[in-house]
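**Q** My questions all concern the structure below.
Protein chains: 2
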Amino acid sequence: MALNDIMKPALVASHFRAACSNCSLRELCLPIDLSDDEVHRLEMLSYHKSSFSTGDYLYRPGDPFRSLYAIRSGSFKTRILHEDGREQVTGFLMSGEIIGLDAISTDAHACEAVAMETSEVCELPFAKLEALSREIPSLQRHLHKIMSREIVRDQGIMLLLGSMRAEERLAAFLLNLSQRNASHGISPTQITLRMSRVEIGSYLGLKLETVSRAFSHFHEDGLIRVKARAIEILALPRLREMMGKS
Amino acid sequence: MALNDIMKPALVASHFRAACSNCSLRELCLPIDLSDDEVHRLEMLSYHKSSFSTGDYLYRPGDPFRSLYAIRSGSFKTRILHEDGREQVTGFLMSGEIIGLDAISTDAHACEAVAMETSEVCELPFAKLEALSREIPSLQRHLHKIMSREIVRDQGIMLLLGSMRAEERLAAFLLNLSQRNASHGISPTQITLRMSRVEIGSYLGLKLETVSRAFSHFHEDGLIRVKARAIEILALPRLREMMGKS
DNA sequence: GAATTGGCTTGATATATGTCAAAATAGCCC
DNA sequence: GGGCTATTTTGACATATATCAAGCCAATTC
Chain A
6 MALNDIMKPA LVASHFRAAC SNCSLRELCL PIDLSDDEVH RLEMLSYHKS SFSTGDYLYR
66 PGDPFRSLYA IRSGSFKTRI LHEDGREQVT GFLMSGEIIG LDAISTDAHA CEAVAMETSE
126 VCELPFAKLE ALSREIPSLQ RHLHKIMSRE IVRDQGIMLL LGSMRAEERL AAFLLNLSQR
186 NASHGISPTQ ITLRMSRVEI GSYLGLKLET VSRAFSHFHE DGLIRVKARA IEILALPRLR
246 EMMGKS
Chain B
6 MALNDIMKPA LVASHFRAAC SNCSLRELCL PIDLSDDEVH RLEMLSYHKS SFSTGDYLYR
66 PGDPFRSLYA IRSGSFKTRI LHEDGREQVT GFLMSGEIIG LDAISTDAHA CEAVAMETSE
126 VCELPFAKLE ALSREIPSLQ RHLHKIMSRE IVRDQGIMLL LGSMRAEERL AAFLLNLSQR
186 NASHGISPTQ ITLRMSRVEI GSYLGLKLET VSRAFSHFHE DGLIRVKARA IEILALPRLR
246 EMMGKS
């Protein structure tokens, strides 16, 4: 494995690219080093792709679980629905991220996933993914890391919801989008929101009016420019400070 | 596998018991059906046990990740600490539950785990657990379910923190403890809290005074009896209703 | 181009929860 | 058992966010 690393880095890299341009499994395959054969099998796994328009469901609560999905382009929101009508947006997922992990526990989807724009996903049949990860330890470890990362992410949101004030929450939210933009090679200061104020509010445990007022306040303070769903961050460092004190 | 199920249930059950009384991996091994050999290898995996007194750390943020832990007796709280001094209790874990999943993502613990009473854990070296789950598909699937269940649990808390009021949160909390008591064969109406009002507050995103007032209010309504940390649920069905409307 | 629609902003007010402070209670050590 | 400390309860008051209600803006339709 290490040998592979040293002896043919270019070749391995080119295989990553091949696999990733083909199946778009940036998230799944990029950080692992695989042999030619392994890359090929990973490609085979995920040849089924599908497209979604704004508002389309990727899955709904109760749908039987068969696959995870790697978002190839576009974005989705996930939302849980409680019997009493309460609901909570639990995540906004974008290109390169894996969606559907919650369903493994019960073999049925616990939440719903809705496309927020025209989007494409690669389907990853979970049984096959498990079978392959039994044979490729680095893939196995990677899958575990993806799941663990989701746990850490959720716990971060628990911290946000449990102990931050409205403006701190919104600052954290914007900074998170900024960072994810950056990791996609997109401008970290030009943010195009794909979701409404209501959805942001649901995610952050706030009402839409509070979200709107927080945006306005940031604007007054010269932290951001707001033009409907186009947000420009004018002072990233000061926005970071917002989270601490405010 | 199904054959195994049908033909020698008693035998299989006895192996569960053997493995579980020995390594206390109720959570890990109980629901899976394994061959004699597989049970034996699972036992071998987890022979290292350790004990903790109230306040002892199982791990701290930044500690290198090597193992998961199955709680054999007692209970722990997990807590994340933010740079700015903010902190959030992310879970109260009891006997039979697996702790440490957050650390897989970065190979270092993201949160801290503190014993809330005298407790014992089985250490599960993760590399070995992965190796074994490569060979035993039902163990692999089970490990994935445990991780997914943690994701679902965290998202439930996000719903609680994002959209429930103080008394609804506390009702949900008590009902959760009640249910976990029941699943351990303990009375679902006699609850002994192992944590302070401050810790409950941190977990539920409330201040201790609010938690205390909610307890008092439940008491006035005849829902519970409160004697410091001994809670008796007098009206489980009405407590369930509390969550919906209130 | 007018009209309709849905989303967003802003203001006035209500309310749930936080904050500060004191008293009561429980647990603990000598 | 008595005194000590930490925890919990309770009260009075402050405040952040929700709620209710208009008005505004941008996009879409006719």
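Line by line, the protein sequences give chains A and B.
Each residue of the first sequence is one higher than the last, beginning at 6 in the numbering used here.
Each residue of the second sequence is one higher than the last, beginning at 6 in the numbering used here.
No residue lacks a Cβ here, since even glycine has one placed at the ideal position from N, Cα and C.
Check this for me: beta carbons of I76 of chain A and D159 of chain B, under 8 Å apart or not?
**A** Counting from 1 along the first sequence, the entry for residue 76 of chain A is found at position 71. Counting from 1 along the second sequence, the entry for residue 159 of chain B is found at position 154. No, they are not a contact pair.
**Q** I want to verify the contact list: residues of chain A whose CB lies under 7 Å from the CB of Q184 of chain B, in sequence order.
**A** Locating residue 184 of chain B in the second sequence gives position 179, where the first residue counts as 1. The contacting residues do not exist; Q184 of chain B stays about 16 Å from chain A at best.
**Q** According to DSSP, simplified to helix, strand and coil, what is S124 of chain A?
**A** Mapped onto the first sequence, residue 124 of chain A falls at position 119. Note: S124 of chain A maps to strand in three-state DSSP.
**Q** S168 of chain B touches chain A at which residues, Cβ-Cβ below 7 Å?
**A** Here the question's residue 168 of chain B lines up with position 163 in the second sequence. Going along chain A in sequence order, the residues near S168 of chain B (Cβ under 7 Å) are R91, Q93 and G210.
**Q** Report the rounded CA-to-CA distance for S58 of chain B versus L134 of chain A, giving the unit in angstroms.
**A** Along the second sequence, one-based indexing puts residue 58 of chain B at 53. Along the first sequence, one-based indexing puts residue 134 of chain A at 129. Their Cα atoms are separated by approximately 41 Å.
**Q** Just the C-alpha distance for S217 of chain B and L228 of chain A, rounded to the nearest angstrom, thanks.
**A** Working through the second sequence from its first residue, we reach residue 217 of chain B at position 212. Working through the first sequence from its first residue, we reach residue 228 of chain A at position 223. Cα to Cα, S217 of chain B sits roughly 39 Å from L228 of chain A.
**Q** In chain order, what residues of the stretch 121-140 of chain A put their CB closer than 7 Å to some CB of chain B?
**A** Within the stretch 121-140 of chain A, the residues whose Cβ lies closer than 7 Å to some Cβ of chain B are E135 and R139, listed in chain order.
**Q** State the DSSP-derived secondary structure class of R154 of chain B, mapped to helix, strand or coil.
**A** Mapped onto the second sequence, residue 154 of chain B falls at position 149. R154 of chain B: helix per DSSP, three-state reduction.
**Q** Please list, in chain order, the residues of the stretch 149-161 of chain B that have any C-beta partner in chain A closer than 7 Å.
**A** Taking 7 Å as the Cβ-Cβ cut-off against chain A, the residues of the stretch 149-161 of chain B that qualify are H149, K150, M152, S153, R154, E155, I156, V157, D159 and Q160.
**Q** Quick check on I196 of chain B: does DSSP put it in helix, strand or coil?
**A** As a working mapping, residue 196 of chain B is identified with position 191 in the second sequence. I196 of chain B falls in the strand class under three-state DSSP.
**Q** Tell me, please, whether the CB atom of L106 of chain A is closer than 8 Å to any CB atom in chain B?
**A** In the first sequence, the residue the question calls residue 106 of chain A occupies position 101. Cβ-Cβ to chain B under 8 Å: yes for L106 of chain A.
**Q** So if DSSP puts K82 of chain A in a beta bridge, which residue, or which two residues, is it bridged to?
**A** Residue numbering aside, residue 82 of chain A sits at position 77 when the first sequence is read from its first letter. Answer is A:F97 and A:V119, bridged to K82 of chain A.
**Q** Among A:K212, A:Q195, A:F81 and A:S168, which has the Cα closest to the Cα of K232 of chain A?
**A** By one-based count along the first sequence, residue 232 of chain A stands at place 227. Cα-wise, what sits closest to K232 of chain A is A:Q195.
**Q** What's the C-alpha gap between E88 of chain A and A235 of chain B?
**A** Within the first sequence, numbered from 1, the residue matching residue 88 of chain A stands at position 83. Within the second sequence, numbered from 1, the residue matching residue 235 of chain B stands at position 230. For E88 of chain A and A235 of chain B, the distance between alpha carbons rounds to 30 Å.
**Q** In whole angstroms, what is the alpha-carbon distance linking S188 of chain A and P69 of chain A?
**A** What you label residue 188 of chain A is simply residue 183 of the first sequence in a count that begins at 1. What you label residue 69 of chain A is simply residue 64 of the first sequence in a count that begins at 1. Cα-Cα distance, rounded: 33 Å.
**Q** Looking at L137 of chain A and R46 of chain A, is the spacing between their C-beta atoms short of 8 Å?
**A** One-based indexing of the first sequence puts residue 46 of chain A at position 41. One-based indexing of the first sequence puts residue 137 of chain A at position 132. For R46 of chain A and L137 of chain A, yes; Cβs fall inside 8 Å.
**Q** Output yes if chain A places a C-beta closer than 8 Å to the C-beta of Q195 of chain B; else output no.
**A** Taking the second sequence and counting its residues from 1, the one referred to as residue 195 of chain B is at position 190. Q195 of chain B does not count as touching chain A.
**Q** How about A115 of chain B: is its C-beta nearer than 8 Å to some C-beta of chain A?
**A** The residue given as residue 115 of chain B occupies position 110 in the second sequence. Yes, its Cβ sits closer than 8 Å to a Cβ of chain A.
**Q** At a CB-CB cut-off below 7 Å, which residues of chain A make contact with R199 of chain B?
**A** Indexing the second sequence from 1 puts residue 199 of chain B at position 194. Within 7 Å Cβ-Cβ: nothing; R199 of chain B doesn't reach chain A, min ~20 Å.
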